[in-house]
Amino acid sequence: MPIIIGVAALVFAADQLTKYWVVQNIPLYGWWSFTIHTGRLFRIIYVTNSGAALGVFPQLGTIFMVIAIVVVVGILIFHRRLPVESPWVRLALGLQLGGALGNLTDRLVRGSVVDFVDIGFWPIFNLADVAIVVGVAILAYYFWEEEKQLNAAKNNSL
645 MPIIIGVAAL VFAADQLTKY WVVQNIPLYG WWSFTIHTGR LFRIIYVTNS
695 GAALGVFPQL GTIFMVIAIV VVVGILIFHR RLPVESPWVR LALGLQLGGA
745 LGNLTDRLVR GSVVDFVDIG FWPIFNLADV AIVVGVAILA YYFWEEEKQL
795 NAAKNNSL
């Protein structure tokens, strides 16, 4: 549990602090660009998103709020029942919990999620989105590797 809560707290704090900075320093739809010698690396742009990740389904904001609540409660209730003690699984769940709490807080406080990272070739996102995606990727990879090991063990026992 401490890994999950610690990671979630760090993700939540970083997410909310960066969003607070953006809201306080950049006007809605305003932007600030970070460039290097080869051109624009990324820009910080203040936009809001009432829908799902990547701005899809903006009319379903309430449903996504309910989904976030279910995810948060589910992780908090079921993490102790997980059959694995892997720190990777705990890290993944902490990332997902912190990200879900960050975006849920935005929905509850502002009515929409603050997004601000624009890398040009991808929809605008925030740190909570990154944490959720990385957490899901870690979890998927962990279970994929576990399945490979189980299949190898089963094949060796035949």
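If you read the sequence shown in the numbering used here, its first letter stands for residue 645, the second for the next number, and so on. Beta carbons: idealized from backbone N, C-alpha and C, even for Gly. Here the structure is a predicted model, which means the values were calculated and not measured.
Here K663 is buried, its C-beta having at least 16 other C-beta atoms within 10 Å. In the DSSP secondary-structure assignment, T692 is bridged to V758. The Cβ atoms of D759 and N770 lie closer than 7 angstroms to each other.
The beta carbons of R734 and I647 sit closer together than 7 angstroms. The C-beta distance from A784 to G743 rounds to 15 angstroms, too long to fall under 8 angstroms, and the pair is not in contact. CA-CA distance, V666 to F787, rounds to 36 angstroms.
If you draw a straight line from the Cα of A658 to the Cα of G705, it is about 23 angstroms long. In its own chain, leaving out the 5 sequence neighbours on each side, no residue places its CB closer than 7 angstroms to the CB of A781. Annotation for A772: D659, G743, G746 and N747 place their beta carbon closer than 6 angstroms to its own, counting only its chain and skipping 5 residues before and after. Listed in chain order, the non-local C-beta contacts of E790 below 6 angstroms within the same chain number zero, local neighbours out to five positions each way being set aside. By the Cβ neighbour-count rule, L741 is buried, with 16 or more other Cβ atoms within 10 Å of its own. When rounded, the separation of the alpha-carbon atoms in A696 and P767 is 12 angstroms.
Distances from the CA of A653 to each of I711, N693, G738 and V691 were compared; the closest alpha carbon is that of G738.
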